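First comes the structure, then the notes that go with it.
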Amino acid sequence: DNGIGIEEKHRHSIFEMFKKLENNFNATGIGLALVKKIINLYGGRIWIESEINEGTTFFFTLKK
């Protein structure tokens, strides 16, 4: 995306259940945790690359 980016210190915690980086009442904090769980069930991996004030790119792999 072209958002604000994610600081290095938060990059692993964003995949934790109910973890929110902001007090956004519309967010549940389960979306990325659920995505990671599904990817892990299929033998894959998820990671991000992020630059502050530039945005974040999410990557994932799945086994064949």
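What the sequence shown shows, in our numbering, is residues 11 to 74, in sequence order. Ideal placement from N, C-alpha and C gives every residue a C-beta, glycine not left out. Note that the structure is predicted; figures quoted are calculated from it, not measured.
(1) If we ignore side chains and look at the alpha-carbon of each, how far apart do I16 and I56 end up?
(2) Spatial neighbours of I62 within its chain, please: CB distance less than 6 angstroms, with the 5 preceding and 5 following residues excluded, ordered by chain position.
(3) Restricting to Cα atoms, I'd like to know which of G53, T71, S23, F69 is closest to A43.
(4) Starting from I48, trace the alpha helix (DSSP H) in both directions and tell me its first and last residue.
(5) Is the beta carbon of T66 closer than 8 angstroms to that of I58?
By the coordinates alone:
(1) Cα atoms of I16 and I56: separation of roughly 15 angstroms, rounded to the nearest angstrom.
(2) Excluding sequence neighbours, I62 sits near G15.
(3) Residue S23 is the option with its Cα nearest to A43.
(4) 41–51 is the span of the alpha helix (DSSP H), which, as asked, contains I48.
(5) A distance below 8 angstroms separates the beta carbons of I58 and T66.
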